[in-house]
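Here the structure comes first, spelled out in structure tokens, and everything after it is commentary.
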Amino acid sequence: MSAFIESYSFGNIVIKGNSYNSDVKIINGEVKPNWWRKEGHRLYPEDITDILESDCKVLVVGTGAYGVMKIDPTVEAACQEKGLKLEAYKTSEAVKRFNELMASGEKVAGAFHLTC
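Basically my numbering = 1-based index in the sequence shown + 48.
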């Protein structure tokens, strides 16, 4: 079985044969392109409302090639409240982790910042 996310490089991610040049979310295997946040380099609960409302059990966040995007503590609290396990990595590592979880059949969501 091929990886769900085929590749990632600064500013580009290839998912199931489609190339994206802006941040993306993936919820239950569905790609949500052109993901914008309230603040570009900070993640808040309102930026991931659709993930919080999903039945996913794990959220993998890609914080950018250099880990510049910070996760506000309110996101951790919101995930805990929903029983959603939060994992955050630089985006290249987040892609690997997301693919591992998808391959194992886990109900996983991803939120990937593609640049800094």
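For every residue, glycine included, the Cβ atom is placed at its ideal position computed from N, Cα and C.
Close beta carbons around residue i, own chain, < 8 Å, minus the five adjacent residues each side
i, result
"Trp67", "Here the sequence assigns Ser to residue 67, which means Trp is not the residue at that position. Same-chain partners within the cutoff: Asn60 and Ile61."
"Lys133", "Lys105, Val106, Leu107 and Cys127"
Straight-line gap, residue i to residue j (C-alpha atoms, nearest Å)
i, j, result
"Gly131", "Ile99", "12 Å"
"Lys64", "Ser55", "10 Å"
"Phe146", "Phe52", "9 Å"
"Pro81", "Val72", "5 Å"
"Pro93", "Ser50", "31 Å"
"Glu124", "Ala151", "25 Å"
"Gly83", "Lys155", "Contrary to the premise, residue 83 reads as Trp rather than Gly in this sequence. Approximately 20 Å, taken between the alpha carbons."
Presumed contact (8 Å Cβ cut-off) between residue i and residue j, rounded CB distance
i, j, result
"Val109", "His89", "Incorrect: roughly 13 Å between the Cβ atoms, too far for contact."
Residue from the options whose Cα sits closest to the Cα of residue i
i, options, result
"Gly158", "Asn69, Pro121 and Gly77", "Gly77"
"Ile119", "His161, Glu129, Gly153 and Glu101", "His161"
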